[in-house]
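Take a look at the structure set out below.
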RNA sequence: GCCCCCAUCGACUAGCGGUCCAGGUCACAGCCCUUUCAAGGCUGUAGCGCGGGUUCGAAUCCCGCUGGGGGCACCA
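Numbering (my numbering), first residue to last: 676 to 1101.
The structure is reproduced here in structure tokens:
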């Protein structure tokens, strides 16, 4: 039987990284087996916010590169059918009416068990199973009824979801059984925690995939990182392409315990991916990112600046703070300003450099440092500060070249205070 | 309270009875390189929660404890 899985989020807003991880595992499993990956929206009303959330979720999945099969389905479309099935269950004695609602009759004795692919055998005492409401008194079916019903309707072969659904499983199993439906294979993947060991939430920082996108993370890096949370290939392979992940992903290597989301490791991985991009691809990514974030900076200059930062930043979001001085003057931190003694000499030296290119600039400035008896660091740091407004920046010589002689000299001035007063573009 | 699940360095994990005085990666520390910051190279600190079993032998199997998580809706 061909594999068919589904990701079934409730449309409450942007996709959470935990949800994205669940979606990823489903997608990897489907692609690994040449099966189908479907999106099913689990909702109960038709409000505008829901429609937006559905679009957002689809947009996020697309950005992550998790392509869908078949149409996106919605619980809404099956309400009438669910009601019919519920009535049939009443007729067959599996359910009964209760104050206008329809309740499913759960067994009172024995146990309900299943072989979970990641958790192993799980047994629930049936006395724990309450007669659950299938259809509310207002006619709307409930999640625990529609979810297994739709799994059956759609021919879902494997239900891969978060462990927060473990306790729903015995109830859904009982319903599927009463329906006479095929029982899918269940795989409950571990949940994600924040750095403090508690449920990952906004207080920990970025939480939705869109948050990470806005910070300049690459979809490939996020996908790679998420795959490593609860799953591993072996004892040493961590950096894998999408194709490698698809080829290597198996549910039996998914762990059973919760994983802590490590922002630092994600950042490191993103840096690895960023540095690994071909220069033109990197420039494209940077241009696209800055445009998405609303920066209206000269594209040509951004492209020329790209090589200066590729080795230095771990997320595209660091670019404005790191290289923003190329697009607008930045006032140096007064606390960092020295006496500026080398500045006049530097200005004089630079004025004579022709052509104004990194190599020539470097030769000239190193010569200056030697003549003044200064260590490179001592000579260059004041210039860097005057030029970039910061003690941390891209390479000094390349930065000078990009800024051009005129602007560079204007910033270095010679007064020791860097640039004409009020000239800072802010 | 009841039910279910989980438990290897700070974090992600490898380990499926002996090849583990526990390996890799991030983070952290030191050194090297160096125009700052990164990157890179080298080295290092750091872990099998506790107690009982089983076995010639346990991180690996069993039981208990402790700790953590999840769930107990006419929410999803």
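Think of the CB as a built atom: it goes at the ideal place given N, C-alpha and C, for glycine as much as any other residue.
Small disclaimer: the values here were computed from a predicted structure and weren't measured.
Measure the Cβ-Cβ separation of residue 703 and residue 902 and say whether it is below 9 Å.
yes
Considering residue 692, what are the terminal residues of the alpha helix (DSSP H) in which it resides?
692-707
Taking all protein chains shown into account, do 16 or more other C-beta atoms lie within 10 angstroms of the C-beta of residue 956, making it buried, or fewer, making it exposed?
exposed
Terminal residues of the beta strand (DSSP E) in which residue 791 lies:
786-791
For residue 1007, does the count of other Cβ atoms within 10 angstroms reach 16, so buried, or fall short, so exposed?
By the neighbour-count rule (16 or more Cβ atoms within 10 Å), residue 1007 is buried.
Is the beta carbon of residue 698 less than 9 Å from the beta carbon of residue 741?
yes
Per DSSP, residue 986 forms a beta bridge with which residues?
Answer by DSSP bridge pairing: none, since residue 986 is not bridged.
Between the CA atoms of residue 874 and residue 868 - distance to the nearest angstrom
Pairing residue 868 with residue 874, the inter-Cα distance amounts to about 4 Å.
Find the nearest neighbour of residue 985 within the set 921, 995 and 949, judged by alpha-carbon distance.
949
Output the distance between the C-alpha atoms of residue 1070 and residue 1079, rounded to the nearest integer angstrom.
14 Å
Could you tell me whether the region 807-816 touches the region 746-764, where touching means 3 or more Cβ pairs closer than 8 Å?
yes
Burial state of residue 1063, where buried means 16 or more other Cβ atoms lie within 10 Å:
Label assigned to residue 1063: buried.
Residue 747: buried (16+ other C-beta within 10 angstroms of its C-beta) or exposed?
Counting other Cβ atoms within 10 Å of its Cβ, residue 747 stays below 16 and is therefore classed as exposed.
Suppose only complete runs of 4+ residues qualify. What are the alpha helix (DSSP H) ranges in the region 803-881, listed by chain order?
818-829 and 844-854
Below 8 Å on the Cβ atoms is my contact criterion, and I expect residue 929 with residue 860 to pass it. Report the Cβ-Cβ distance as a whole number of Å.
Not really, about 13 Å apart at Cβ, beyond 8 Å.
Thinking just about the alpha-carbon of each residue, which of 1076, 1086 and 910 is nearest to the one in residue 1036?
Nearest C-alpha to residue 1036: 1076.
Just checking my contact of residue 1001 with residue 1021 at CB under 8 Å: how many whole Å lie between their CB atoms?
Not confirmed; about 19 Å, so no contact.
Taking the alpha carbon of residue 1072 as the point to measure from, which residue in 1038, 796, 879 and 762 has its own alpha carbon closest?
1038
Are there 16 or more other CB atoms within 10 angstroms of the CB of residue 725, so buried, or fewer, so exposed?
Label assigned to residue 725: buried.
For residue 927, three-class secondary structure by DSSP:
helix
If I follow the unbroken alpha helix (DSSP H) through residue 1037, where does it start and stop?
1033-1047
Which class does residue 1063 belong to by DSSP, given the choice of helix, strand or coil?
helix
Does DSSP put residue 1093 in a helix, a strand or coil?
Model confidence at residue 1093 stands at a pLDDT of 38, short of 50, so the residue's coordinates are unreliable; what they give is reported in the following sentence. Residue state, collapsed to three classes: coil.
Considering Cα atoms alone, identify which of 981, 1004 and 1003 is closest to residue 994.
981
Counting pairs of Cβ atoms below 8 Å between the region 766-782 and the region 801-813, do you hit three or more?
yes
Can you grab the Cα-Cα spacing for the pair residue 1033 / residue 878, in whole Å?
44 Å
Any idea what DSSP makes of residue 779, helix, strand or coil?
strand
Three-state secondary structure assigned by DSSP to residue 1030
Shown here, residue 1030 sits in coil according to DSSP, grouped into three states, outside any helix or strand.
For residue 936, three-class secondary structure by DSSP:
coil
Would you check if the region 955-972 and the region 1011-1018 touch, i.e. whether three or more CB-CB distances between them fall below 8 Å?
no
By how many angstroms is the C-alpha of residue 681 removed from the C-alpha of residue 834?
7 Å
Can you have a look at residue 939 and say buried or exposed, based on whether 16 or more other CB atoms are within 10 angstroms of its CB?
exposed
Ends of the alpha helix (DSSP H) at residue 1000?
Unbroken run through residue 1000: none, as it is neither H nor E.
Could you name the residues of the same chain whose beta carbon sits closer than 8 Å to that of residue 977, not counting the 5 residues immediately before and after it, in chain order?
Contacts found: 958, 961, 962 and 965.
CA-to-CA distance, residue 785 to residue 694, given in whole angstroms:
34 Å
What are the partner residues of residue 1054, as DSSP defines its beta bridges?
Per DSSP, none; premise fails for residue 1054.
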